[in-house]
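What follows is a set of notes on a single structure, which appears directly below.
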Amino acid sequence: MDARFVETLTPFLPFLHGDTISEDTPLRTYGLDSMQAIELMFALEDDLGVSLPDEALIEETFTTAGNLWRATQAARDTATAAVESV
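Letter 7 of the sequence shown, counting from 1, is numbered 7 in this note's numbering, and no numbers are missing.
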């Protein structure tokens with residue numbers, strides 16, 4: 001996980017209280033609810049310049065920080081590959 005991802009994610013976890021975000025960090029335990037998940041998705045798209053595909057918008061993606069990071073990276077890789085093939 002890179003610093004920009006963690007920086008974007010942190011405000012959406014009100015119960016984090018200074019704990020370190022790791023791949024295993026359970027997002028719901030730290031306060032991410034379904035409405036915030038939508039806002040987080042938009043924030044990640046804006047801050048990281050990615051567009052999460054519809055198939056990534058499932059509960060499992062928002063279970064842990066690592067799952068969300070992998071979905072974000074996959075979206076970034078797909079966008080990069082599309083630009084390179086043009």
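C-beta atoms are modelled at their ideal positions from N, C-alpha and C, and glycine is treated no differently.
All of these numbers come straight from a predicted model, not from anything done at the bench.
Check whether residue i and residue j have beta carbons under 8 angstroms apart
i, j, result
"residue 126", "residue 31", "Coverage of the chain is limited to positions 1 through 86, which leaves residue 126 absent and any answer about it impossible."
"residue 71", "residue 78", "no"
"residue 76", "residue 48", "yes"
"residue 40", "residue 9", "yes"
"residue 51", "residue 59", "no"
Endpoints, alpha helix (DSSP H) assigned at residue i
i, result
"residue 1", "Looking at the DSSP string, residue 1 is not in any alpha helix (DSSP H), and its letter there is neither H nor E."
"residue 42", "34 to 48"
Residue i - DSSP class collapsed to helix/strand/coil
i, result
"residue 64", "strand"
"residue 53", "coil"
Counting pairs of Cβ atoms below 8 angstroms between the segment 3 to 16 and the segment 65 to 81, do you hit three or more?
-> yes
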